[in-house]
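A short write-up of the structure that comes next.
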Amino acid sequence: IAKHFAPWPVDVVLSTGPGALILSHCVARAHPSRPIVVYGTKGLVSGHRRVTLPVEFQKLIRPETHVLLIEDLVSTGSTLNLLTNLVEQTGAEVVGVGCLWRRTSVDLGGRPVFSLVSRDFPTYSPPDCPLCKKGVPLNEEFVRRRAHRRPSTIKGPKTP
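This note's numbering puts the first residue of the sequence shown at 52, with every later residue one more than the last.
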């Protein structure tokens, strides 16, 4: 990812989440501009998804700053759209998007996108899901939402 975006000037690498943060750190270290790593925090405000910058990072993204967005997995592009809005509100510029896995072909605002793996996997709402219509039960063992997590059925190693 860093090699692909090496020709672009990058001042800040911005991401969210633990997986993307590790990746963004690696990209920043490998990029020739040696950009600063900044993360946004995801949350809900009045029932709407938002991404905000912690106070200590707010002064790092300012007008004329070149920002590279990094995500580990892109499914719908909604988090990247939130990050883009956040960057543009400060007057900074998103120079591109880098990710490990892009599972959608949705346009990300005409910005350059580089992914190590690109394969279109549709995302369905429950009423539109073909497997739901067939009555196939969901496997929610590894769902990330804590309220929906089920205990793992994998047994740990036996101790003597």
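Beta carbons are placed, not taken as given, at the ideal position from N, Cα and C, and that holds for glycine.
Does the distance from the C-beta atom of residue i to that of residue j stay below 8 Å?
i: Leu120; j: Leu104; result: no
i: Leu124; j: Trp152; result: yes
i: Glu122; j: Ala71; result: yes
i: His117; j: Pro178; result: no
i: Thr92; j: Thr127; result: no
i: Leu137; j: Val96; result: no
i: Thr67; j: Ile112; result: no
i: Pro114; j: Ala81; result: no
In angstroms with no decimal places, state the Cα-to-Cα distance between residue i and residue j.
i: His199; j: Glu191; result: A caution first: His199 carries a pLDDT of 48, below 50, which makes its placement in the model too unreliable to give a value.
i: Val148; j: Lys110; result: 22 Å
i: Val187; j: Pro83; result: 49 Å
i: Arg162; j: Val145; result: 8 Å
i: Cys77; j: His99; result: 31 Å
i: Lys54; j: Lys184; result: 44 Å
i: Val157; j: Ser176; result: 16 Å
i: Ser75; j: Tyr90; result: 9 Å
i: Val164; j: Cys150; result: 8 Å
i: Ala154; j: Ala79; result: Reading off the sequence, residue 154 comes out as Arg, not Ala. Each residue's alpha carbon lies about 23 Å from the other.
i: Ile52; j: Pro58; result: 12 Å
i: Asp171; j: Gly160; result: 18 Å
i: Arg85; j: Pro69; result: 21 Å
i: Gly94; j: Ser166; result: 25 Å
i: Val88; j: Val64; result: 5 Å
i: Ser169; j: Phe56; result: 17 Å
i: Leu182; j: Ser129; result: 24 Å
i: Gly207; j: Leu189; result: Here the model assigns Gly207 a pLDDT of 48, short of 50, so the residue's position is not dependable, and the following value carries that caveat. If I take the Cα positions, the gap works out to 24 Å.
Which residue comes first and which comes last in the beta strand (DSSP E) that contains residue i?
i: His117; result: His117 to Val125
i: Ser75; result: Segment Pro69 to Ala81 is the alpha helix (DSSP H) holding Ser75; no beta strand (DSSP E) there.
With DSSP as the reference, identify every bridge partner of residue i, one or two as the case may be.
i: Glu144; result: His117
i: Lys184; result: Paired residues: none, contrary to the question.
i: Trp59; result: Partner(s): none; Trp59 has no beta bridge.
i: Lys93; result: Val102
i: Ile87; result: Val63
i: Ser169; result: Arg153
i: Val164; result: Val148
Following the continuous alpha helix (DSSP H) through residue i, name the residue where it begins and the one where it ends.
i: Phe108; result: Val106 to Gln109
Is there at least one non-hydrogen atom of the ligand PLP closer than 7 Å to the beta-carbon of residue i?
i: Pro86; result: Because no ligand of any kind appears in the structure shown, any question about the ligand PLP cannot be addressed here.
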